[in-house]
DNA sequence: TATATTTATGAAAGCGGTTTCAAGCGTCTG
DNA sequence: CAGACGCTTGAAACCGCTTTCATAAATATA
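Chains as they are written, first to last, in the numbering used here: chain A, 498 to 832; chain B, 498 to 832.
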């Protein structure tokens with residue numbers, strides 16, 4: 498299988514120079530005589546030389562790898578951020594290595610270990626559940642960036658949207674359409690995002706002097722089935738409502754299905770709004786209103802910030818603002 | 498930032514043994530006296546030692562990295578396969594490094610280069626467009642596995658579903674429901690998958706003695722907008738039809754929206770079937786029928802096969818079969 | 001022209017592990 | 001009891017590249 502690997506030494510011999518010179522040409526670290534430079538480049542091409550990044554990593558001290566930890570490949574928000582990071586790194590000398598936490602703290606921690614062992618130069622962690630303390634300790638060793646998460650003591654390394662505001666905006670949007678009985682399907686309650694969104698919801702109600710009805714809130718799990726269950730449960734409680742605010746699009750999709758099953762018209766009888774604005778929201782019938790987080794952009798921003806961090810530049814992470822993609826699943830409250 | 502890294506040498510000193518012994522303990526390559534073994538392990542724990550995988554990669558000759566190339570993070574089929582691979586590798590000593598081809602041949606090739614440079618021990622390529630020749634050359638150097646792609650000369654390294662059969666089954670399913678005017682929204686025509694699915698469609702028509710009407714076929718792009726465009730275009734041609742078979746779910750979603758916009762009832766007037774059975778299909782209104790490819794399982798299979806390949810075992814890649822997830826977007830043809 | 005300064009280059013010393021090799025030691029065998 | 005054998009162990013070589021350091025050559029300065 499493996500024909501013998503060609504090394505920098507081979508190139509050196511072929512071009513009649515020393516290893517050092519080859520290295521210098523390849524990395525542009527020191528000027529090298531034109532002729533020799535040419536010769537080296539030619540040899541590289543001829544022999545189809547591919548530097549061993551382990552060797553250079555070892556010798557040079559930096560791996561040119563950015564570790565990226567996502568929470569779940571296949572989940573809209575995380576995927577978009579990841580894409581953003583990768584997009585931003587493409588074309589630079591850095592490449593990302595990805596680990597998936599699959600929503601599991603244990604696996605998440607192991608993933609981080611793997612990344613450290615791989616000598617990543619920097620770490621971008623998207624969401625997740627790792628302890629604040631642990632993160633701070635990590636931050637002492639490596640440049641680290643947290644996306645979609647706000648951690649005290651690491652504020653200047655966090656890039657996140659204001660989840661309270663998301664909850665508030667979404668709810669306010671519905672209230673302004675005249676809705677007063679608004680269901681909220683929350684996310685996983687251990688997630689700080691979920692809690693913040695819920696608080697935003699509560700605040701908007703409060704502001705509009707709408708009394709809080711516990712029976713209109715259902716603890717979901719950011720997925721389709723829990724959206725279905727939410728509607729069925731709340732209907733089962735005999736509650737009346739004219740709007741549903743789901744903590745993400747997947748649970749909104751679930752809610753949509755349950756409403757359909759129960760013969761409830763959207764938006765005629767009930768308005769529906771989700772969060773994430775994932776691609777599919779556009780293709781629901783009717784197209785679904787959703788709060789859009791600038792996920793891809795956040796990924797790019799994080800990637801660039803990491804690049805700056807690695808150049809020891811100062812970075813500044815702007816607070817991300819959200820906007821509502823208004824479509825047709827929301828309408829004025831029925832009389 | 499970086500406090501001084503601890504190396505195997507530090508462990509050796511702390512445990513009063515030689516580097517060699519430490520290495521042996523860590524890798525279980527040679528029996529080591531109980532006491533020393535303990536001492537080493539303790540030192541590792543105390544000093545919180547993390548082996549530098551660059552060094553071991555360099556010295557040992559294998560990187561314990563599997564390179565995975567996907568075509569588009571965020572795309573259902575690719576994501577699922579990727580998840581499968583990652584899932585299968587989790588807990589082994591191998592870790593995956595992911596590159597995204599973003600549907601672009603150039604970027605795809607660069608991605609492969611990156612992986613090679615990183616000394617991956619094996620390569621799993623999901624889909625994509627890289628030349629047969631190039632792949633064969635790669636296969637001479639590294640264990641390679643192709644998922645969702647069939648390449649002559651590398652048959653025993655390919656794990657794919659029979660796309661012709663998918664097209665055939667989907668179409669036949671519609672025909673058996675009594676449909677005769679069946680629209681097909683194809684995938685990107687340069688993709689072999691698209692062509693095979695189209696051929697399956699044609700074959701099913703032929704078998705049922707339904708004359709082929711070119712006007713019912715639209716070249717799509719595997720995405721939502723092209724699904725919308727397809728329906729609008731075909732409607733614009735003044736064509737009548739009672740069923741739509743889209744080459745993937747995203748384009749089916751697009752078609753669904755266009756039908757809705759045109760006031761055409763699904764499945765009352767038109768039946769709709771997609772391919773991929775992505776999660777959201779379940780939550781369309783009505784829930785959408787789709788051909789399910791065992792994507793996650795394929796990822797796992799590929800991962801395991803790679804592990805075997807690396808142990809120099811023989812591998813066998815079974816042909817993957819598909820099944821139709823029948824939901825409510827398909828019904829008997831109207832009279 | 002002699003001396004100081006700059007520049008290109010090669011030799012060699014790492015980087016942090018793994019692995020070969022040979023030595024040291026205890027045990028087994030004839 | 002000597003020699004053979006098997007185990008554990010440390011020293012040292014090595015993996016392929018970067019980088020420091022010293023040298024030689026070229027250029028500038030006096």
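In this text, a Cβ means the ideal position worked out from N, Cα and C, and glycines have one as well.
These numbers come from a predicted model, not from an experiment.
Ranking 738(B), 694(B), 763(B) by CA distance to the CA of residue 712(B) puts 738(B) first. Near chain B, meaning a CB-to-CB distance below 7 angstroms, the residues of the region 551-575 of chain A are 551, 552, 554, 555, 560, 570, 571. In this structure, 645(A) is the residue among 645(A), 611(A), 548(A) with its C-alpha nearest to the C-alpha of residue 693(A).
For residue 793(B), the three-state secondary structure derived from DSSP is helix. Excluding residues up to 5 positions away in sequence, 767 lie with their Cβ nearer than 8 angstroms to the Cβ of residue 761(A) in the same chain. Burial is judged here by how many other beta carbons sit within 10 angstroms of a residue's own beta carbon; residue 615(A) has at least 16 and is buried. Residue 589(A) is classed as exposed because its beta carbon has fewer than 16 other beta carbons within 10 Å across all chains shown. In the DSSP secondary-structure assignment, residue 683(A) is bridged to 716(A). By the beta-carbon neighbour count (other beta carbons within 10 angstroms, threshold 16), residue 654(B) is buried.
Beta bridge pairing from DSSP links residue 636(A) with no other residue. Residues of the same chain with a CB within less than 6 angstroms of the CB of residue 792(A), apart from the 5 flanking positions on each side, are 574, 577, 578 in chain order. Here the C-alpha atom of residue 637(B) lies approximately 33 angstroms from the C-alpha atom of residue 571(A). The criterion of a C-beta distance shorter than 8 angstroms is satisfied by residue 595(A) and residue 595(B).
Within the same chain, 641 come within 6 angstroms of residue 635(A) by CB-CB distance, once the 5 residues on both sides are set aside. Where residue 722(A) is concerned, the enclosing alpha helix (DSSP H) starts and stops at 721-733. Closer than 8 angstroms to the CB of residue 597(B) there is at least one CB belonging to chain A. According to the DSSP secondary-structure assignment, residue 655(B) is paired through a beta bridge with 643(B). Contact annotation for residue 779(B) against chain A: 721 [CB-CB distance below 7 angstroms, chain order]. Put simply, the region 674-692 of chain A does not touch the region 506-513 of chain B. Fewer than three CB pairs are less than 8 angstroms apart. In the three-state scheme derived from DSSP, where H, G and I count as helix and E and B as strand, residue 776(B) is classed as helix. Residue 597(A): member of the beta strand (DSSP E) spanning 592-597, first to last residue. In the structure shown, the three-state DSSP call for residue 555(A) is helix. Listed along chain A is no residue with a C-beta nearer than 8 angstroms to that of residue 624(B); the closest approach is about 16 angstroms. Chain-ordered, the chain B residues with CB closer than 8 angstroms to the CB of residue 784(A) read 754. In the structure shown, the three-state DSSP call for residue 574(B) is helix. When the alpha-carbon of residue 705(A) is set against those of 679(A), 524(A), 548(A), 613(A), the nearest one is in 679(A). If you check the CB distance, residue 663(A) and residue 522(A) do not come in under 8 angstroms. Across the region 644-656 of chain B, no CB contact with chain A closer than 7 angstroms is found for any residue. Identification of chain A residues near residue 661(B) by a Cβ-Cβ cut-off of 9 angstroms yields none; the smallest Cβ-Cβ distance measures about 27 angstroms. Each residue's CA atom was taken as its position, placing residue 612(A) and residue 707(B) some 57 angstroms apart.
For the region 506-518 of chain A, no residue has a beta-carbon sitting nearer than 8 angstroms to a beta-carbon of chain B. Three or more Cβ pairs closer than 8 angstroms define a contact, and the region 799-816 of chain A falls short of that threshold against the region 796-815 of chain B. Beta bridge pairing from DSSP links residue 740(A) with 679(A), 768(A). Judged by DSSP in its simplified three-state form, residue 589(A) adopts coil rather than helix or strand.
Using a CB distance cut-off of 8 angstroms, residue 776(B) counts as an interface residue toward chain A. In terms of Cβ geometry, residue 786(B) and residue 730(B) do not form a close pair [threshold 8 angstroms].
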